[in-house]
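Chains as they are written, first to last, in my numbering: chain R, 1 to 314; chain D, 1001 to 1295; chain H, 2001 to 2530; chain F, 3001 to 3547.
Structure first, then comments.
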Amino acid sequence: MLGYVIRRVLATIPVMVIVAAFVFLMLRLSPGDPASVIAGDYATAEDIARIREQLGLNEPILVQFTKWIAGLAQGDLGTSIFTNLPVTTLIAQRIEPTIMLTLTTIIFTVLVAVPLGTIAAWKAGSWIDRAVMVFSVAGFSVPVFVLGYILIYVISIQLQWLPVQGYRSMFEHGVGPFLRHIIMPTVTLSVIFIALIARMTRASVMEVLQEDYVRTARAKGQSEMKVLLSHALRNAAVPIVTVIGIGIALLIGGVVVTESVYNIPGLGRLVLDAVLARDYPIIQGLILFFSFIYILINLVIDLSYTLFDPRIRY
Amino acid sequence: MSVDANPQVAEPETVPAKAELSQWAIIRSHPSIIIGGILLGIMILVGVIGPLFTADPIALNPIKRLKPPQGEFLFGTDFLGRDVFARVVHGARISLVVGLAVSGIAVFIGLIVGMISGYIRVLDAIIMRIMDGLMSIPAILLAIALISLSGATLTTVVIAIVVPEVPRVVRLVRSVVLTVREEPYVEAAIAAGTKLPLILYRHILPNTIAPMIVQATYICGSAMLTESILGFLGAGIPPEIPSWGNIMAEGRTYFQLSPWIIFYPGIALAVTVLSVNILGDGLRDTLDPRIARKM
Amino acid sequence: MLSWTKRKFLTAAAVAIPLALGSFGAIGEAAAEKVLRVIPHADLKNLDPIWTTAYISRNHGYLIYDTLFAMDENFKPQPQMVDTWTKSDDGLTWTFKLRDGLKWHDGPDVTAEDCIASLQRWGKRDGMGQALFEVIESLTAPDAKTIVMKLSQPYGLVLESIGKISSNVPFMMPKRMAETDPFKQIEEHIGSGPFMFSKKDWVPGSKVVYLKNPNYVPRSEPPSAAAGGKVAKVDRVEWTYFPDQTTAMNALISGEVDYFESPANDLMPILSANQDITVEINDPLGNIGFARFNHLLPPFDNAKVRRAAIMAMKQEDYLAGAVGDQQFWKTCYSVFPCGTPLDNDVGSDVMKTGDIEKAKAALADSGYDGTPVVIMQPTDVPVLSAFSLITAEKLRKIGMKVDVQAMDWSTLTSRRAKREPVSEGGWNMFHTWWIGADVIDPMAIAFSGNPAKGWFGWPEDAELEKARTAFAAATTVEEKKELGMKVQERLWAIGASGQLGQFFTPVAYRNNVKGLIKSPVQFFWNMSVE
Amino acid sequence: MAKKTQNQRPETVLEIKGLSVTLPEGADREFAIQDISFTVGKGEIVCVVGESGSGKSVTAHTVMGLIPRKDLTPVAGQALLNGEDLLVKSEAELRELRGERMAMIFQEPMTALNPVMKVGDQIGEMLEIHTSMSASERAARVLEVMADVNLPDPKKLFDTYPHQLSGGQRQRIMIAMALALEPGLLIADEPTTALDVTTQAQILDLIKDIQERHGTGVLFITHDFGVVAEIADHVVVMQHGLVVEQGPAAQILGKPSHPYTQMLISSVPSLVPPERPEREVRETALQVHDLDKTYDDGGFLKKGRQVKAAQGVELVIHRGETLGVVGESGSGKSTVARCIVRLIDPTGGEVMISGQNIAGLAENALRPYRRDVQIVFQDPYRSLNPRRTVGQSIVEGPMNFGLSHHEALERARELMRVVGLAPDALDRFPHQFSGGQRQRICIARALAMEPKVLIADEAVSALDVSVQAQVLQLLDDVRQRYDLAMLFITHDLRVAAQVCDRIMVMQNGVVVEQGLTSKVYANPSHSYTEALLGAAPGRNTEFAKLA
């Protein structure tokens, strides 16, 4: 197993280099540059040129790239042009809200979507099945921010049950405030994710219910509930977990919007502001960070397969 | 052991023309295709001929700004006094173009790369690593970065949304190709001396089309949604060209004051994406249940 | 939607909001502590008010730094850190004595050397500073509390320059920081102002925290704009940046925030309808809208074409379209903000026409040859995006071919610095606004007639420059008024830019917030929370 | 083997009276099974035999209550288990009976066990459902039952997973599971069809042994008359959902009365190879010399295991001659075939066709020689591209070698007549043909290339015995008509006996014996051949031959 993990981690390096090169070139080849934004309203052309010089933006692209990669090797993602803070500290300050939001969303989604999908598969063709499918298709079709606004307007303004916005860290402010502030963003973000997982669970459980060993279980006189849980669902676990992995990439898009609607100081907003202000180091650093996290999640998911399916050995 | 009837002598067995289940009968048996198809048809109709019947979506009359929906303005007006109904109808055209263009390009590229990767094992490892790389970049961030950095035109928006979709299509095509190439009829064709390109064209491609069509419908739906999110984040298509995404984005500030600016394009988008997804579900069950179900 | 209507988009910072009223689980700080929770107009991205002209960095500067002189509400410079000052009869030698009790946040007293170094760093970046230092012969500090300035010739704007209210404000910094190269950001943020910057709480893009400076000695006079006693009446000021306007408004309504610096004009009906929220105009001068031509490239290299375009611009359409509610805008045909000393009507008939037919006729005989006009439209600044669309429609109506190119503000700021033709990334028109204080007199860069050092668009007119330099040297009020009219007359004659009127962005705060200072710049001293 | 006396039947366990089950509308006939009546006695094995689609499986599943109610609905008759009618039982009552009073084992041992559950737990689950035994009591009983089905070292096997066991071992686990509660009735639905002949023999012995020791009534479903001859006490023959004939085994096999039964039994190839006239030796069509094929599944950093699929295989086929290759699954017979056709590349040795060694040729150099060797596969449903018409599939090969579309079509029409199908069927799609018809089309496709050597890789194994006989006859005719050399690969010793002039026996990739079929069958020299022949079911029963 260890040999496999090492090999997988080594394999991520070429992928990360591809991602880094792709993002770096994409930024450099586009119009708009941070120096002029910094120089502000009535800076003369030489002011802008001097700032470009000072930020090292005039050096040939290759030189800039090698410098960045060298820095990368020692874990230095570069310094933000605007705030003059290292990108790593910026990420550290704002990683907690994004990670917590993603975790609560995944947990909430799995707790809702997997049972929904299983029941839909079990009662395939019934009204429950159709209802789950319509909900899951609807879930795909509603833009996240519209849902966010509606929830805020109804629950926070009219009913005043939950706060409008903000994020409370569980460690600093206690679990109560953390939950109060995370419920609505989690629900908003989960809708599209639940739609995806419910649909996939239904498909995999339905496929498993055709398998011979399910017929054997029934032939043993096993109750439908037990057949569903200990036989069908356990065998459908691997495809479901795979979809959760893929879904997480979908989540990051939603996180950016949810953080902006609920004013959560997370990584999503950080990269968004950076892109609009052309803060190259942050953009590069964060996209690299997100793709590394995504690759890590996929590795963890692949390893989790061994828990669900004894046939898979690394 | 000899069986009396010697096939040469006996009159050749005629093959009963088993009723070839017409494609139409299959479709009729799946309501979701009909519902999805009709809804999508209406939206395409609105997108194509609608604009001829509405006011000019770009005409400003600031005096009549933020009027609620009644009388002359079916969907009310936005903060510049533009007719929201006209903009939603025009928006249909852009959003559908984005949806169809993205799914078309993604499936086209995905098919080619997927087949190469699935059939030519040597290239497979390299292609897959590149796909992993592309897939690991979060789609929305890539789109935002690409668009805001290289100018927000329709083409850049389409490219920005296509890039993260291609790897998913490549993975699907590759898995289908890997199963199809093991089939005996492919081996028979090889034994009969058929060259590689012909094998890909005659035997591999037709069997990947069905899952591709289904995947295309899902991509079309998610592309329209991504466009609206990009518009909302301020990195989408330029507002002068109305698309549902940026109508809603511009209406964002006035949500509690005049919610109709967001409400109507939101409904239009939801219905269109809904119709595309329902159509996709219906097609998946009819076209090729065996492979498609793995989707 | 990323930035707001009011100030130009520049970098900004935000402050995470401490616990709202309704939630349980009191947080760490003592409940007794008075906290002012603010939604700033932008996200504080960088903290060096000299390195950038961003208004948010300037507001940050006013919190933690102090200035030698400061503008009061009638735009007269008043002494702030200076106790007494004298001017020699020939007007060439100015001596300033610092008042007592001025200490840096990290302990040591403020010395004359610190002030001189700060003035020199400011002088290298700020427009008025550069003009002032051209006439400065020497700046010396005979003792720790006295600064002596020797001029090469009499200069009328010495106090107006070192007491200017808006970017770049000559803030006083410790010597070791003032010596940083003006094109490099300062590392430490130590000032001598009423508040201290809490670096450990700063989360760029989300939260900035300022703590009350216990040993700050305010002046005795009552506060009047930037001048007067700067008394900190709360223990902490917390800025939280909100990317989403609707959420910001809802936060104010639900009491999770005390003060909302610049809500979108269109939220006013909801905010003013709410009885526990007060909505008022904080900046009497408001903002002046500009439609700026590129004088180097056709078709706007021809003054007739420029004037024809200006005749098509009707201020009411722009203000109604971009700002909305009439309560927040008014037409103003003077280049200087209406209601300021130099406001006048000379030459403004070209702006008053606002008539498509007349403009069409003027364009016809202006020799316009049909070259398309490229208008840069910043989609992420709603007011400017609206201005661009309105101009495009008007120019199309009078017969010009118009190409509206959408981009975000960052791209616009980099593209407007380019003088190359349109084919190589150049431009013909862009829209922006200035706060009243920045265009209050001819010295503003917006009115420069010298293409080499002037503002983007680079108009050229020798007479205009002559009048501006004369204004700098003028000493009496009548002389300044006379030269003001001359500058405005020239500006309209060459059609430097279209003025789109004056609009005001209100502030909104909960009723328990008291002591807001009326001024074009947002100050946080003197504000208290009951 | 002494069987129970014919007339006196033991006490009834299961009685099926006039049972009818309807098919969903749109199927090719109204009833899946119609008016079925027979009984299964205590300690008796009743074989229900018939071709695919005869309804034998539906009968078994109806008794167990496992049929999908909305598609197949029992409309008449009764299924009495010790007198209680199963058709009227509620779902809960049926669940109670399953496992306790009746149990079932299935055809595919590979997929019949839950892959993610330990084998011991799956057997234990049966006890868990029906008894209130404690965990340790259950474990003990499981080990006891595993021993009862002669599984080696039950303790070790208890914690293994299904994928770690062989087909035979998994079937034994299924049987152990079924018999854990000593049910009165055991239903076996083609339990040995997927197994190798030697394993099949052990499982059949096991079932007979248990049935005698526990006095269980066994309802045994099969399509293989060899198996019927081996174990059946009583035989029920079914066709298109009807019972055409039933009676004691010896009578049905010896003197069948119903014409359908007679046809079926005579289609069963006999194990005794016919005397073939000595052929004069013709020129060599295919010569294989020292053929090797090794799979190395080593990866990027991993040192892989070496699997020797075929080693040092030598064979020669002359024109007009049929060489048979027999052996169990995994013996390498298919690997040899695929190496000859170059679907896989041999790691060593020579394959001589019309004087040229094609073992190592590159694709372009190889192409001209490909036409000389053609292959027919096992699965008729996957040998034809579903999206291309039958005609297109046949003409594809000839057109690769220069024939115009018209000429190729002409040849295809002619070949359709040769294989006994109407030429106008050329423009239809594969899903419109039966399994047997599709196999004929594949033969036509192979012949279209005018090959020198035709390889049949288990070409008839997936067909019903009657259809099998026709296809074998067709192969024999085309061999004579086109003077082909044929390589016939099969695991079915009966088919090999009837079809092959010479026979080659393979085990674990090595050829253990080869020679004239009649000589090898009469006195096998290698022990493995002997075991193979000995394990062939029903070898000492003489099936009635049609006149």
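Glycine included, every Cβ here is placed at the ideal spot set by N, Cα and C.
**Q.** lysine 2200/H burial status per 10 Å Cβ neighbour count (16 or more: buried)
**A.** Burial call: exposed.
Q | chain R within 8 Å of isoleucine 3175/F, Cβ atoms only | A | So, not an interface residue.
Q) When Cβ atoms are compared, which residues of the segment 3366-3383 of chain F fall closer than 7 Å to chain D? A) Residues Arg3367, Arg3370, Arg3371, Gln3374, Ile3375, Phe3377, Asp3379, Arg3382, Ser3383.
Q) So what does DSSP say about histidine 3318/F, is it helix, strand or coil? A) In the structure shown, the three-state DSSP call for histidine 3318/F is strand.
Q.
So, under 8 Å CB-CB, glycine 2436/H and asparagine 2287/H are touching, yes? Tell me the CB distance rounded to an integer number of Å.
A. Between glycine 2436/H and asparagine 2287/H, the beta carbon gap of about 7 Å places them in contact (Cβ cut-off 8 Å).
Q) What residues of chain F sit near phenylalanine 308/R, judged by a beta carbon separation below 8 Å? A) The answer, in chain order, is Val3116.
Q: Alpha carbon to alpha carbon, how far is cysteine 2338/H from isoleucine 1063/D? Give it in angstroms, no decimals.
A: The alpha-carbon atoms of isoleucine 1063/D and cysteine 2338/H are separated by roughly 24 Å.
(Q) Along the chain, where does the beta strand (DSSP E) containing histidine 2041/H start, and where does it finish? (A) No beta strand (DSSP E) contains histidine 2041/H, which DSSP labels as neither H nor E.
Q.
Taking the alpha-carbon of asparagine 2213/H as reference, which of Ala2225/H, Phe2523/H, Phe2195/H has the nearest alpha-carbon?
A. The shortest Cα separation from asparagine 2213/H among Ala2225/H, Phe2523/H, Phe2195/H belongs to Phe2195/H.
Q: Could you tell me whether any Cβ in chain D is nearer than 8 Å to the Cβ of glycine 2025/H?
A: Here glycine 2025/H scores only 40 on pLDDT, less than 50, and its place in the model is too uncertain to base an answer on.
Q: Please go through the same chain and pick out, in chain order, the residues whose beta-carbon is closer than 6 Å to the beta-carbon of glutamate 2029/H, but skip the five residues on each side of it.
A: For glutamate 2029/H, the predicted structure reports a pLDDT of 45, less than 50, and the residue's modelled location is therefore unreliable. A value from the coordinates is still provided. Taken in chain order, the list of residues that qualify is empty.
(Q) Between isoleucine 2390/H and chain D, is any beta-carbon pair separated by less than 8 Å? (A) Output row for isoleucine 2390/H: interface = yes.
Q: Could you tell me which residues DSSP puts in a beta bridge with arginine 3098/F?
A: Its beta-bridge partners are Met3102/F.
Q) With distances taken between CB atoms, is the gap from serine 2097/H to lysine 2145/H smaller than 8 Å? A) Correcting the residue type first, residue 2097/H is lysine in the shown sequence and not serine. Going by beta carbons, lysine 2097/H and lysine 2145/H fall inside the 8 Å limit.
Q | Top-ranked residue by Cα proximity to proline 2536/H, from Ala2131/H, Val2507/H, Met2173/H, Pro2378/H | A | The structure shown does not extend to residue 2536/H, since chain H is modelled only from 2001 to 2530, so the question has no answer here.
Q.
Whole angstroms are fine: how far does the CA of glycine 1118/D sit from the CA of leucine 159/R?
A. Going from the Cα of leucine 159/R to the Cα of glycine 1118/D covers about 56 Å.
Q: Report the neighbours of glycine 3168/F on chain R: residues whose CB is nearer than 9 Å to its CB, in chain order.
A: Residues of chain R passing the Cβ test: none, with the nearest at roughly 17 Å.
Q. When the cut-off is 8 Å and only beta carbons count, does valine 3341/F lie next to chain D?
A. With 8 Å as the cut-off, valine 3341/F counts as an interface residue toward chain D.
**Q.** Min CB distance glutamate 2463/H to chain D below 8 Å
**A.** Look at glutamate 2463/H: its C-beta is not under 8 Å from any C-beta on chain D.
Q: Pull up the distance between the alpha-carbon of valine 300/R and that of leucine 286/R, whole angstroms please.
A: So the two alpha carbons sit approximately 21 Å from each other.
Q. Can you give the Cα-Cα distance for serine 1175/D and leucine 3343/F, rounded to whole angstroms?
A. C-alpha separation (whole angstroms): 21 Å.
Q) Since tryptophan 2455/H contacts alanine 2446/H with CB under 8 Å, what's their CB separation in whole angstroms? A) Going by Cβ atoms, the distance from tryptophan 2455/H to alanine 2446/H rounds to 5 Å, so yes, they are a contact pair.
Q) What are the uninterrupted segments assigned as beta strand (DSSP E) that are 3 or more residues long and contained completely in the segment 2125-2197 of chain H, given in chain order? A) Within the segment 2125-2197 of chain H, complete beta strand (DSSP E) segments of at least 3 residues are found at 2136-2143, 2146-2151, 2195-2197, given in chain order.
Q: Compare the C-beta of methionine 3238/F with all C-beta atoms of chain R and state if any pair is closer than 8 Å.
A: Contacts with chain R at 8 Å (Cβ-Cβ) do not include methionine 3238/F.
Q. Which residues share a DSSP beta bridge with lysine 2103/H?
A. Note: lysine 2103/H sits in a beta bridge opposite Asp2109/H.
Q | Residue environment, glutamate 2478/H, which counts as buried when at least 16 other CB atoms sit within 10 Å | A | So glutamate 2478/H counts as exposed.
(Q) In this structure, how does DSSP classify methionine 3238/F when only helix, strand and coil are distinguished? (A) Reduced to three states, the DSSP call for methionine 3238/F is strand.
Q) What residues in its chain sit with their C-beta under 6 Å from that of phenylalanine 3220/F, if we drop five residues either side in the sequence? A) Excluding five sequence positions before and after phenylalanine 3220/F, the CB atoms of its chain that fall closer than 6 Å to its own CB belong to Ile3045, Cys3047, Ala3188, given in chain order.
Q. Checking contacts by CB at 8 Å: is alanine 1268/D closer than that to chain F?
A. No, alanine 1268/D lies away from the interface with chain F (no Cβ there is under 8 Å from its Cβ).
Q) Excluding five sequence neighbours on each side, which residues of the same chain lie with their C-beta closer than 8 Å to the C-beta of alanine 1005/D? A) Model confidence at alanine 1005/D stands at a pLDDT of 37, short of 50, so the residue's coordinates are unreliable and nothing is read from them.
Q.
For valine 63/R, count the other beta carbons within 10 Å of its own beta carbon; 16 or more makes it buried, fewer makes it exposed. Which is it?
A. When all chains shown are included, valine 63/R counts as exposed.
Q.
Going by the DSSP bridge assignment, what does valine 205/R pair with across the sheet?
A. Paired residues: none, contrary to the question.
Q | Of the listed residues Thr2140/H, Arg2490/H, Leu2036/H, nearest to glutamate 2261/H (C-alpha basis) | A | Ranking the options by Cα distance to glutamate 2261/H, first place goes to Leu2036/H.
Q | beta strand (DSSP E) runs contained entirely in the segment 3144-3228 of chain F, provided each spans 3 or more residues | A | Within the segment 3144-3228 of chain F, the complete beta strand (DSSP E) runs of at least 3 residues are 3185-3189, 3217-3222.
Q) Could you give the residue range of the beta strand (DSSP E) that holds histidine 231/R? A) Counted as a single uninterrupted DSSP element, the stretch harbouring histidine 231/R is not any beta strand (DSSP E), since DSSP gives it neither H nor E.
Q | alanine 237/R to valine 114/R span [Cα, whole Å] | A | Distance from the CA of alanine 237/R to the CA of valine 114/R, rounded to the nearest whole angstrom, comes to 10 Å.
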